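**Q** Have a look at this one before I ask anything.
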Amino acid sequence: MSARVEIDFTLNGVRRKVEVPPAMSALAMLRDLLGLTGTKYGCGEGECGACTIRVDGRTVNSCLMFAADCDGRDVLTIEGLAASAQGEALARSFVEHGAVQCGFCTPGIVVQASQFIARHPGASEAEIKRGIEGNLCRCTGYRKIVEAIANAGSDSTFQGGAHG
Amino acid sequence: MAPRSLEAAAALLRGGGVTVVAGGTDVMPQSRSGKIRLAPVLMSVRRVPELKGISGSDGTVRIGALVTISELLESALVRAELAVLWQACDHFASDQIRNAATIGGNVCNASPAGDTLVPLLALEARVVLAGARDGGLDTRRVPIAGFFSGPGRTVRAPHELVTALEIPLPGPGFVSAFCKFGTRPALDIPAVSIGFAAVREEGVLRNVRIALGAVAPTPLRAVGAEGILEGKPPDPDTVEAAVRVVQEEIRPISDVRASDWYRRELVGNLLRRMLAHVREG
Chain A
21 MSARVEIDFT
31 LNGVRRKVEV
41 PPAMSALAML
51 RDLLGLTGTK
61 YGCGEGECGA
71 CTIRVDGRTV
81 NSCLMFAADC
91 DGRDVLTIEG
101 LAASAQGEAL
111 ARSFVEHGAV
121 QCGFCTPGIV
131 VQASQFIARH
141 PGASEAEIKR
151 GIEGNLCRCT
161 GYRKIVEAIA
171 NAGSDSTFQG
181 GAHG
Chain B
222 MAPRSLEAAA
232 ALLRGGGVTV
242 VAGGTDVMPQ
252 SRSGKIRLAP
262 VLMSVRRVPE
272 LKGISGSDGT
282 VRIGALVTIS
292 ELLESALVRA
302 ELAVLWQACD
312 HFASDQIRNA
322 ATIGGNVCNA
332 SPAGDTLVPL
342 LALEARVVLA
352 GARDGGLDTR
362 RVPIAGFFSG
372 PGRTVRAPHE
382 LVTALEIPLP
392 GPGFVSAFCK
402 FGTRPALDIP
412 AVSIGFAAVR
422 EEGVLRNVRI
432 ALGAVAPTPL
442 RAVGAEGILE
452 GKPPDPDTVE
462 AAVRVVQEEI
472 RPISDVRASD
482 WYRRELVGNL
492 LRRMLAHVRE
502 G
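Here is the structure:
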């Protein structure tokens, strides 16, 4: 097996070519190779959702994905989302609702929320809770997180059609 | 390596020393924890077109091995015709994992508690396998009841790739349901899971199929209890007889999730609940 695999993909709207070890995770590539440390390493086994990114529009746990599997795909991290109108709307709502405590789970939850409310505009609280069932907040501040997501969902940037 | 055709993938696999990767949600954590060792070659099958898509024709639903759990949930065909499978997908892990995990991967991982395995057993699915030979491909079909040989083990030969699951399209009067019991709703490995399928015909149940997860080294069919229910109405005496038999024919272990005794009680109660729904529905 060659020591490295060259991959060619879109990262936050910019085309990138990167050489990665075949067994490296997408999370390790983002953080250690590309310096995008907004995506967090929590559990490393898909339980906590701190490493959530979007690949071709859908959220996945980047700790469970091989970096080589990013080849040819469209990858969005919290850094890319933050620079968009939807990211700004979510950030504003999280601040207004005091939905950030230690902040470690926040990037993953914001990325998951961006997909969820784009696909389910006007979702109820119960639906939002199910939508973020793959994200853990160990400060246990879920109440304000759910309120922040519900509020962001009413923002005009999420109205008028699904993206994911 | 990321082959772009089934023939190329099968040829690579035949060469040996290959770990097959689809969604990665099992391979990645299992390799990191040391449960499995990655072979020298990692082969992503994501670009193999023959492994994709859900289609229904000639009385069979074909689900490509690469179909994700999210794609199953979004399939109108699965939702309308294969309720037991759709319900299991709805309870599968989390959104992030459903978006990546594939049905072929879930089948090959062969966990005794694998969420899609119980409905596939209840639906009498066939596993389609392809392997390279000189100048072509050999394809064979294995009934899923004979596919699992132990925890994490199957009858798939090392040079074979699971390409699809085939499910006979249910006919009129078909009822099916899935239920799993764990300690939390999301991301849980269930203490037990149960899938039920039958055809309701003039008040009696026919072609009864009961599948159970996490009660034995492999997911299994409760053939004894099926025999008790076959051709009878699901009245209280028949249901209690089936419950007694199902509790005898399972071989649960005691582990961190539940004791052997508790699993037998759960299986009995879940079967009662399902049959009550069938009776009322």
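Heads up: the sequence lines are chains A and B, in that order. Here the first sequence stands for residues 21 to 184, numbered as in the working numbering. Here the second sequence stands for residues 222 to 502, numbered as in the working numbering. Every residue, glycine too, gets a C-beta built ideally from N, C-alpha and C. Predicted model only: the values in this text are computed from it and were never measured.
(1) Look at A119(A) and A168(A) and say whether their C-beta atoms are less than 8 Å apart.
(2) What's the C-alpha gap between S174(A) and G161(A)?
(3) Residues of chain B with CB under 9 Å from M85(A), in chain order?
(4) In the DSSP output, which residue or residues are listed as bridge partners for E422(B)?
(5) Can you tell me whether G118(A) is helix, strand or coil according to DSSP?
(6) What residue range is occupied by the uninterrupted alpha helix (DSSP H) comprising P340(B)?
(7) Out of curiosity, what's the CA-to-CA distance linking N490(B) and T79(A)?
(8) Considering only C-alpha positions, which residue in the set R361(B), N320(B), C310(B) is nearest to L338(B)?
(9) What in chain B is Cβ-close to V166(A), meaning under 7 Å?
(10) Where do the ends of the beta strand (DSSP E) carrying D458(B) lie?
(11) Let me confirm a value: S397(B) is counted as buried when at least 16 other C-beta atoms fall within 10 Å, else exposed. Which label applies?
(12) For A172(A), which of N155(A), Q132(A), L156(A), G154(A) has the nearest alpha-carbon?
(13) Decide yes or no for the touch test of the segment 260 to 276 of chain B against the segment 377 to 395 of chain B: beta carbon pairs closer than 8 Å, at least 3 of them.
(14) By Cβ distance below 6 Å, which residues in the same chain neighbour G445(B) in space, the five residues on each side in sequence not counted?
(15) Using a Cβ cut-off of 7 Å, pull out every chain B residue sitting near E65(A), in sequence order please.
(16) For A497(B), count the other beta carbons within 10 Å of its own beta carbon; 16 or more makes it buried, fewer makes it exposed. Which is it?
(17) For P473(B), which three-state DSSP category applies?
(18) When burial is assigned at 16 or more other CB atoms within 10 Å of the CB, is G142(A) buried or exposed?
(19) For a contact defined as C-beta to C-beta under 8 Å, what are the partners of Q106(A) on chain B?
(20) Return the Cβ separation of L110(A) and S144(A) in integer angstroms, given the expectation that the two are a contact with Cβ distance under 8 Å.
(21) Grab the span of the beta strand (DSSP E) containing C71(A) for me, first residue to last.
(22) Which of helix, strand or coil does DSSP assign to C90(A)?
(23) In its own chain, which residues sit with a C-beta less than 8 Å from the C-beta of L113(A), not counting the 5 before and 5 after it?
(24) Less than 8 Å between the CB atoms is what I'm expecting for F8(A) and V95(A), so what's the real figure, rounded?
(25) On a CA-only basis, which of G285(B), G325(B), E292(B), V376(B) is nearest T439(B)? Give me that one, please.
(26) A378(B): buried (16+ other C-beta within 10 angstroms of its C-beta) or exposed?
(27) Give the C-beta separation of L344(B) and L306(B) to the nearest angstrom, bearing in mind that I take them to be a contact with Cβ-Cβ under 8 Å.
(28) Could you pull out every residue in the same chain whose Cβ sits closer than 6 Å to the Cβ of D336(B), ignoring the five residues on either side in sequence?
(29) Given a threshold of 16 other Cβ atoms within 10 Å of its Cβ, counted over all protein chains shown, does D247(B) qualify as buried or as exposed?
(30) Please state whether the Cβ-Cβ distance between C122(A) and C159(A) is less than 8 Å.
(31) Does any CB atom of chain B fall closer than 8 Å to the CB of S8(A)?
**A** According to the data block:
(1) Sequence index remark: in the first sequence, residue 119(A) carries index 99 (1-based). Sequence index remark: in the first sequence, residue 168(A) carries index 148 (1-based). A contact, by the Cβ cut-off of 8 Å.
(2) Translated into the one-based positions of the first sequence, residue 174(A) becomes position 154. Translated into the one-based positions of the first sequence, residue 161(A) becomes position 141. S174(A) and G161(A) have their C-alpha atoms some 21 Å from each other.
(3) Sequence index remark: in the first sequence, residue 85(A) carries index 65 (1-based). Here the neighbours are G244, G245, T246, M249, A321.
(4) For the purposes of this step, residue 422(B) is taken as the residue at position 201 of the second sequence. In the DSSP output, where bridge partners are listed per residue, E422(B) has V425(B).
(5) Within the first sequence, residue 118(A) is the residue found at index 98, counting from 1. G118(A) falls in the coil class under three-state DSSP.
(6) By one-based count along the second sequence, residue 340(B) stands at place 119. For P340(B), the enclosing alpha helix (DSSP H) begins and ends at 338 to 343.
(7) Position 269 of the second sequence, counted from the first residue, corresponds to residue 490(B). Position 59 of the first sequence, counted from the first residue, corresponds to residue 79(A). Going by the C-alpha atoms only, they are around 36 Å apart.
(8) Along the second sequence, read from residue 1 onward, the residue named residue 338(B) stands at position 117. Taking only the C-alpha atoms, the option nearest L338(B) is C310(B).
(9) Position 146 of the first sequence, counting from 1, holds the residue named residue 166(A). Neighbours of V166(A) on chain B: none; closest Cβ ~14 Å, over 7 Å.
(10) What you label residue 458(B) is simply residue 237 of the second sequence in a count that begins at 1. In the DSSP assignment, D458(B) falls outside any beta strand (DSSP E) and lies within the alpha helix (DSSP H) extending over 457 to 470.
(11) Here residue 397(B) corresponds to residue number 176 of the second sequence, with the count starting at 1. Result: buried.
(12) As a first step, residue 172(A) must be located in the first sequence, where it is residue number 152. Selected option, being the one with the closest Cα: Q132(A).
(13) Contact holds: three or more Cβ-Cβ distances are below 8 Å.
(14) Position 224 of the second sequence, counted from the start, is the residue given in the question as residue 445(B). The residues are V466, E470.
(15) Translated into the one-based positions of the first sequence, residue 65(A) becomes position 45. The answer, in chain order, is P250.
(16) The count along the second sequence starts at 1 and reaches residue 497(B) at position 276. Here A497(B) is exposed: its Cβ has fewer than 16 other Cβ atoms, across all protein chains shown, within 10 Å.
(17) Within the second sequence, the letter at position 252 stands for residue 473(B). In this structure, DSSP gives P473(B) a state outside helix and strand, which the three-state scheme calls coil.
(18) The sequence position of residue 142(A) within the first sequence is 122, counting from 1. Around the C-beta of G142(A), fewer than 16 other C-beta atoms lie within 10 Å, and the residue is accordingly described as exposed.
(19) The sequence position of residue 106(A) within the first sequence is 86, counting from 1. Neighbourhood of Q106(A) in chain B, by CB distance below 8 Å: empty, with the nearest CB roughly 17 Å away.
(20) Stepping through the first sequence from its first residue, residue 110(A) is reached at position 90. Stepping through the first sequence from its first residue, residue 144(A) is reached at position 124. About 18 Å separates the Cβ atoms of L110(A) and S144(A), ruling out a contact at the 8 Å cut-off.
(21) Locating residue 71(A) in the first sequence gives position 51, counting from the first residue. No beta strand (DSSP E) contains C71(A), which DSSP labels as neither H nor E.
(22) Your numbering for residue 90(A) matches position 70 in the first sequence. The answer is helix: DSSP assigns C90(A) an H, G or I state.
(23) As a first step, residue 113(A) is located in the first sequence; it is residue number 93 there, counting from the start. With the sequence shown as reference, residue 113(A) is identified as Ser, and Leu is not the correct amino acid for it. A119, A168, I169, N171, A172, D175.
(24) Residue 8(A) cannot be examined here, being either before or after the span of chain A that is shown, 21 to 184.
(25) For this step, residue 439(B) is matched to residue 218 along the second sequence. T439(B) has its Cα closest to that of V376(B), out of G285(B), G325(B), E292(B), V376(B).
(26) For the purposes of this step, residue 378(B) is taken as the residue at position 157 of the second sequence. Exposed: under 16 other Cβ atoms inside 10 Å.
(27) Along the second sequence, one-based indexing puts residue 344(B) at 123. Along the second sequence, one-based indexing puts residue 306(B) at 85. Contact holds; Cβ gap of about 6 Å.
(28) Residue numbering aside, residue 336(B) sits at position 115 when the second sequence is read from its first letter. Taking D336(B) as the centre and dropping the five residues before and after it, the same chain places the C-beta of A309, F313 closer than 6 Å to its C-beta, in chain order.
(29) Within the second sequence, residue 247(B) is the residue found at index 26, counting from 1. When all chains shown are included, D247(B) counts as buried.
(30) For this step, residue 122(A) is matched to residue 102 along the first sequence. For this step, residue 159(A) is matched to residue 139 along the first sequence. One thing to note: C122(A) has its Cβ within 8 Å of the Cβ of C159(A).
(31) Summary: the structure shown does not reach residue 8(A), with chain A confined to residues 21 through 184, and so no result is reported for it.
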